[in-house]
Each structure stands twice: as C-alpha cells, then as structure tokens.
DNA sequence: AAGTGGTCTAGACCACCTT
DNA sequence: AGGTGGTCTAGACCACTTT
C-alpha cells in the first residue's frame, strides 16, 4: 500500500553522505579524500561499494580520481571546468579566453525579477556588476550580474580596483561557493542604447540574450547573470547528446 | 620511446566490439541484446567485465537496461530521447511539443557550405526541406534542412503527402539512421523577407539562428539544419553541468 | 617498498519480470 | 520456477605515484 522505496543501496547511502560532507566543506577544493580502504573501513562496507560511490561522484564532476595519488575535490580553475561554463567560439569554432572591463559595481535592492530567480525571501541586497567581455579584441558581451550579498560577505571590499575575470574561481577561493551547474535561457533581442554604446554596434542590432542562473553544490541559486552578445564574429556552441538520465 | 598505450582493458575492448555491432545493426532499435552471462561466455570474460562495458554504454545512451528483462537498444521515439534534441520552452519554462508545416521539399546540388559541413566528397545531391514549426499555436521556427540523398535512398518517395513531424524517429525507422549527437552553433540575426512572411514578424526582427549538424552512431554527419526562431514567447534552454569528461 | 586507484574474477544474494 | 539485471563482497593482480 505504502509506496516507500524501502530499499536504499549501500553505495547510494555512501554517496549521499560523501556529497553532504563535500558540500559542507569537509574537504576543501584541491584537497584529497581518504583512500577507498579508509572510507570503506569508516563506513563499514567493502571497498567495492565505496568505489562505486566515488565513481558516480566522478562522473558527476564532484571529485577527480588520480591513479596512484588519490581522490581529490576539483578546483574551479582547473582546465576541466572553465569551458564547461563558457560556450563561445569564433566562427571557425575556436574557443577564446575572454578579458573583461568592469563598467559598474553597486549594491542595491533586488527587484522583483531578481528576487524571483535567486529565490530571495524578500527584496534583499544584491551586488550588481556590469562588465563588457572582449573576445578576439572585440567588445562582444555586455553582462549584468546579480549576487545575493548575504552569500558573499563584504564582497564590495574585494572588488575595488582590479576585478577578477574568472568569477567562479573567485567565488570558490574567497567565499567557498562552488558552482555546480547552471540553467540558461536564450533569446534574440535588439540592442538598446546601452548595448549599442558598450558593444559599438548600431541600436537595434540583433543580440543573443542569455539569462543564466548558477547553482551551488546544494542547488541553491548563487548568481543571476544577463548577457547580451554580438554574434557577428562569434557564436554560442552547444553539444546535444543522448547520454544517461541519471547524470 | 614509443607512446603506444600498449594496454587496453578488457571491458573497453568488449565495449568497442559491442558498439561496433550496435552501429552495424546487429540489434535493431527496440530489440534486446543477449544477457550478460551469454555475452560473457561469448567473449570469454567474466560477467562483471561485460557488466562494466554495458554500464558505460548505458551512461552514453547507447543501450537501456531493464531489471528482470534485459538490455535493449533504445528507439528514438522513446520519451527519453525527444527532448534531448528539442530545447525550446515558453517563457515560463514549460516544454512544448511542436507541430510542423512543410513549405518546400526539393532535391538539389549541395552548395559549398552544405558540402563542407556534411563532409560530402563533392557537390552531391541533397534533399532540401523547408518547414515552419508551430509552438503554442504560433509560427515560431523557420527551418531549412539538408539531407545527403546517398544516405536516404528514395527519400523523395517517402515524403510526398504528409511529412513526418519527428524526423529523427523517421530516420531511424525508415533508413536505420540513428542520431547519436548534434553540434549546434547559435547566433542572433535579423529576420529576412522569407522569415518575416513565414513567422509573421516585421523584417529585421531579431531571430535566434541555429546551425545544427547531427551525427549518427559512427559520428558521420547525416543532417544539416538551419533554424531561425522568434523568441517573443519562447526561448532556447540549456543546462550547463560539470559532469565527466569521458561521457 | 609502500600506497593509491584500476581491472578482473568468482560467488552470493536481492529485486524484478515472465511463464 | 527460472531468467534477467542490481548489489555486495573478497581477493588477486596491474598501473601509477610517492617515499
């Protein structure tokens, strides 16, 4: 009658426990977990069971395994991760590392849209960052970013003067916030006056508009980003695959 | 000195062999593979080794496993697959099953761009299909599709009268062509006269332009598709994740 | 040499589906 | 009841890294 699962594989339990400890920061990025044998002893299961848990975590990008060395928590600046969240290439398909010019940094009250997407309780303080990203020497992306101030204590003080270009790396190092995934919603819109000025295109030029919500290891929204992009020389690349439902 | 791998795990060999037989059509979509024990005996390895190979194939979407039943080759119309290749939702994030109106079907010589992307040897015959896709009752996507005639024998005869809406399902059932993955390149462009007419928008309206190259199980290009989309009421959704490099 | 993860095996038992 | 895949274990050996 009851529809309880009433059964939970040991390796799933171990995986969940490990995930919780990773999210809680037991092993900061760049450090190594205990060995399989140590974890197996600690959890009272066989090594093979721990191995299965760790392999699933590996396939989800939560840990990295190195033969002969051990199992580590990945850091965001590792090559593995950057291009998972930066999907721009030029027309020939070559990726491109962007540079940034910050146009505005300001603390303000979140409006309704920002409050909704970031799942804030009410109209809390957010840090608003506006910057232009440069690809192949061309101003290409006009970006507006909102960060809940509560999650990034004293962030204003960190961002005076030079501003980090690779934000997700900065979030992890300074605030222990790891971006685990992001949802994007892409549309085409006409350039407004600000876009035109910052991107050096005529008003009305078709731009690719991306709304991105980035989530941390607990699936909590930690960043909202609006990007408006000139696609004369670059484009947004995406690969569609069949792979598993459980990934 | 030589950099040969000089080592190849058994389960990888088994996986490659199985992939080859799947691609060759030994087990058509919807049919079941031999059991683990049968495959283990056939390949002269243990059941655990075959299991590991099959589990990797599962995570890549190449097979589906059902406890108590067996291991099957997925069919494209299974719910699992359609929305992997159709990323449109309305502004509230609700997915939408599109309908199609075919505007043009014609055999022609491939131009340089089509030849290049489809990796044709020279300017071979391609079937050109133009259709408008309707979302929520609104003409939303103006689509132009190129198929190499060599891969779709007598396709002209199949497409008179009614035309299949879910093309990839049709490719698999009629031509044994399974779409395994696709690469998309997304830009923003202004609506031309044809777009304006078919999508009922003013000329110059910003459209989302997608070039998609679809590949079969052998990674051979089998379809080139240009979509031009109104994003007033809908958008292209994409999820960015960390997951594994080997997926 | 010692420790790590990676592969491979063999066997036991469980959960699910079909007959 | 018998077959399938799913979980769990224990042990052997291999490949890689570090000491």
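Chains as they are written, first to last, in the numbering used here: chain A, 5 to 251; chain B, 5 to 251.
In this text, a Cβ means the ideal position worked out from N, Cα and C, and glycines have one as well.
From a predicted model like this one, the values you see are computed outputs, not experimental measurements.
- Contact residues of the stretch 221 to 245 of chain A toward chain B are 235, 239, 240, 241, 242, 243, 244, 245 (C-beta to C-beta distance below 7 Å).
- The bridge partners DSSP lists for residue 146 of chain B are B:136, B:232.
- When secondary structure is reduced to three states using DSSP, residue 98 of chain A falls in the coil class, being assigned neither helix nor strand.
- The beta carbon of residue 58 of chain B sits no closer than 9 Å to any beta carbon of chain A.
- Neighbours of residue 193 of chain A across chain B, judged by C-beta separation under 7 Å: 210.
- Taking residue 59 of chain B as the centre and dropping the five residues before and after it, the same chain places no C-beta closer than 6 Å to its C-beta.
- Non-local beta-carbon contacts of residue 175 of chain B in its own chain, meaning distances under 6 Å to residues more than five positions away in sequence, involve 181 in chain order.
- Only residues of its own chain outside the window of five on either side were considered, and among them 92, 94, 100, 102, 145, 237, 238 have a CB closer than 8 Å to the CB of residue 139 of chain B, listed in chain order.
- With distances taken between CA atoms, residue 141 of chain B lies nearest to B:234 out of B:234, B:244, B:30, B:14.
- Taking a Cβ-Cβ cut-off of 8 Å, residue 202 of chain B has no neighbours in chain A, whose nearest Cβ is about 16 Å from it.
- By DSSP's assignment, residue 162 of chain B forms no beta bridge with any residue.
- Put simply, the backbone Cα of residue 27 of chain B is about 14 Å away from that of residue 177 of chain B.
- DSSP, read as helix, strand or coil, puts residue 61 of chain B in helix.
- Where residue 188 of chain A is concerned, the enclosing beta strand (DSSP E) starts and stops at 183 to 194.
- Only those residues of the stretch 84 to 102 of chain B whose C-beta falls short of 7 Å from the nearest C-beta of chain A are listed: 84, 85, 88, 89.
- Taking C-alpha positions only, residue 105 of chain A is separated from residue 213 of chain A by approximately 19 Å.
- Judged by beta-carbon spacing, residue 135 of chain B lies beyond the 9 Å limit of residue 125 of chain B, meaning their Cβ atoms are not closer than that value.
- Non-local C-beta neighbours of residue 189 of chain B in its own chain, meaning closer than 6 Å and more than five positions away in sequence, comprise 215, ordered along the chain.
- Between the beta-carbon of residue 225 of chain B and that of residue 219 of chain B there is about 6 Å, and that keeps the pair under the 8 Å contact cut.
- Short of 6 Å from the beta carbon of residue 186 of chain B, and not among the five residues preceding or following it, lie these beta carbons of its own chain, in chain order: 216, 218.
- Chain B places a beta carbon closer than 9 Å to that of residue 186 of chain A, counting this residue as a contact.
- Judged by beta-carbon spacing, residue 15 of chain B lies beyond the 9 Å limit of residue 80 of chain B, meaning their Cβ atoms are not closer than that value.
- Between the beta-carbon of residue 227 of chain A and that of residue 149 of chain A there is about 7 Å, and that keeps the pair under the 8 Å contact cut.
- Setting aside the 5 residues that flank it on each side, residue 191 of chain B is surrounded in the same chain by 213, each with a C-beta closer than 7 Å to its C-beta; the list follows chain order.
- A direct Cα-to-Cα measurement between residue 137 of chain A and residue 119 of chain A gives close to 25 Å.
- Of the residues assessed, residue 11 of chain A falls on the exposed side of the cut-off, its CB having fewer than 16 other CB atoms within 10 angstroms.
- Under DSSP, the beta-bridge partners assigned to residue 245 of chain A are B:185.
- Residue 104 of chain A is bridged by DSSP to A:137.
- Residue 19 of chain B has its alpha-carbon roughly 14 Å from the corresponding atom of residue 77 of chain B.
- Contact note: residue 109 of chain B does not reach chain A at a C-beta cutoff of 7 Å; the least C-beta distance is about 25 Å.
- DSSP, reduced to helix, strand and coil, places residue 68 of chain B within a strand of the structure shown.
- Residue 67 of chain A does not reach chain B, its nearest Cβ partner there being about 10 Å away, counting only Cβ pairs nearer than 9 Å.
- At the C-beta level, residue 157 of chain B and residue 179 of chain B come within 9 Å of one another.
- Residue 92 of chain B is bridged by DSSP to B:240.
- Here residue 174 of chain A carries a helix assignment [DSSP, helix/strand/coil].
- Contact annotation: residue 183 of chain A and residue 36 of chain A have beta-carbon atoms that are not nearer than 9 Å.
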